[in-house]
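Chemist:
Residue numbers (the working numbering), protein chains in the order written: chain A, 1 to 155; chain B, 156 to 310.
1. Pick out whichever of 304(B), 165(B) and 177(B) has its Cα sitting closest to the Cα of residue 80(A).
2. Could you check whether residue 304(B) and residue 126(A) sit closer than 8 Å to each other, using their CB atoms as the reference points?
3. Return helix, strand or coil for residue 221(B), following the three-state DSSP convention.
4. So which of 196(B), 231(B), 186(B) and 195(B) has the shortest CA-CA distance to residue 53(A)?
5. For residue 92(A) and residue 228(B), what's the separation of their Cα atoms in angstroms?
6. Mind listing, in chain order, the continuous alpha helix (DSSP H) runs of no fewer than 4 residues lying wholly within the stretch 234-297 of chain B?
7. Is it true that the CB of residue 122(A) sits closer than 8 Å to the CB of residue 87(A)?
8. For chain A, check one thing: does any of its Cβ atoms lie closer than 8 Å to the Cβ of residue 237(B)?
9. Going by the CB atoms, is the gap between residue 161(B) and residue 268(B) shorter than 8 Å?
10. Under 9 Å, CB to CB, which of the residues in the stretch 275-299 of chain B have a partner in chain A?
11. Please tell me whether residue 190(B) has its Cβ less than 8 Å away from any Cβ of chain A.
12. Just how far apart, CA to CA, sit residue 19(A) and residue 29(A)?
13. So with Cβ pairs under 8 Å, would you call residue 232(B) a contact of chain A?
14. Would you kindly check if the distance between the Cβ of residue 301(B) and the Cβ of residue 90(A) is under 8 Å?
15. Just the Cα atoms here: how many angstroms apart are residue 63(A) and residue 16(A)?
16. Secondary structure at residue 1(A), three-state DSSP: helix, strand or coil?
17. If you draw a straight line from the alpha carbon of residue 40(A) to that of residue 48(A), how long is it in whole angstroms?
18. Against chain B, which members of the stretch 6-25 of chain A pass a CB distance test of less than 8 Å?
19. Quick check on residue 304(B) - is its C-beta less than 8 Å from some C-beta in chain A?
20. Counting only Cβ pairs nearer than 8 Å, list the residues of chain B close to residue 90(A).
21. Quick check on the burial criterion: 16 or more other C-beta atoms within 10 angstroms. Buried or exposed for residue 1(A)?
22. Work out the CA separation of residue 181(B) and residue 13(A) for me, nearest whole Å.
23. I need the boundaries of the alpha helix (DSSP H) containing residue 28(A), first residue and last residue.
24. Of all Cβ atoms in chain B, is any one closer than 8 Å to the Cβ of residue 32(A)?
25. For the beta strand (DSSP E) that residue 301(B) lies in, which residues bound it at each end?
26. Quick one: list the residues of chain A neighbouring residue 193(B), beta-carbon separation under 7 Å, in chain order.
27. Are the C-beta atoms of residue 61(A) and some chain B residue less than 8 Å apart?
28. Along the stretch 253-277 of chain B, where does the CB come closer than 8 Å to a CB of chain A? Name the residues.
29. What's the C-alpha gap between residue 104(A) and residue 292(B)?
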């Protein structure tokens, strides 16, 4: 019996190429990311902003020393809900080779526990309307699709 | 002819009672806010967090010296989109007495211009599925309802 050794931790700078590879590796991501070697400097600049802001946590899942999952957890102070702290999750990815094994679910559970400990009363996220499998995945975790997520590109 | 004098600016601490009154004054808000005098201290604590974080801007619309609109603009550093900065808007409200006069639209335009100047490539928001009028309002401004917004309450 193979022992699966998965750990979840905050990302380090040298995890970025693996993270970008996963972000680029899907239908929506491959149009907007640039996964090349070395990855563009703009990814590192963004990492530094995230890494120096205690409201942002870039999370990775590591399997036997290899980074195979990622998400971006953010804490949003808010006036609404009586000044309640919200958590938001963006850019959730599991390496294509390891999908469907429950790793994404474990990573989300780990992250939601972390958000709860920090005092967040709510976790929110959006998923593209076309991603029915993602909707089912989040519903199983207890999320309710109560909102319409709207976006506008600034030019 | 009456001259309408609307200004948009960042909120000050003493604008909070007006802001909370607007947040509480709708079907969804009145279950989760507490608009009383004085407003609960938790609102002030949240304001201080927002006010001391350069990624957060609490905006108000002022008409002839009275606060009649609000929204919360936030800037989110992100790895995705090649490390692009996102803007997000939450808690948009116009005082019931002044709705339907284009003030919300002006407030949004002012805010999107601000997000653009800061270098955000995208503005995102969510609106409850039941708020068809809000969907039309944001669509007129150029937003596309491409995503499902999902939430989970942490207990």
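Glycine residues also receive a C-beta, built at the ideal position from the N, C-alpha and C atoms.
Modeler: Here's the rundown:
1. Selected option, being the one with the closest Cα: 177(B).
2. yes
3. strand
4. 231(B)
5. 23 Å
6. Segments of the alpha helix (DSSP H) lying fully in the stretch 234-297 of chain B: 235-238, 258-273 and 287-295.
7. A contact, by the Cβ cut-off of 8 Å.
8. yes
9. no
10. 275, 276, 277, 278, 279, 280, 281, 282, 283, 284, 285, 286, 289, 290, 293, 294, 296, 297, 298 and 299
11. no
12. 12 Å
13. yes
14. no
15. 16 Å
16. With a pLDDT of 47 at residue 1(A), under the threshold of 50, the modelled position of that residue is not reliable, and the figure given next carries that caveat. Coil, per DSSP.
17. 14 Å
18. Along the stretch 6-25 of chain A, the positions whose C-beta sits under 8 Å from a C-beta of chain B are 16, 19, 20 and 23, read in chain order.
19. yes
20. 231, 233 and 235
21. A caution first: residue 1(A) carries a pLDDT of 47, below 50, which makes its placement in the model unreliable, though a value can still be read off. So residue 1(A) counts as exposed.
22. Rounded to whole angstroms, the separation of the alpha carbons of residue 181(B) and residue 13(A) is 45 Å.
23. That residue, residue 28(A), is in no alpha helix (DSSP H); it is neither H nor E in DSSP.
24. yes
25. 299-308
26. Neighbours of residue 193(B) on chain A: none; closest Cβ ~13 Å, over 7 Å.
27. no
28. 267, 270, 271, 275, 276 and 277
29. 36 Å
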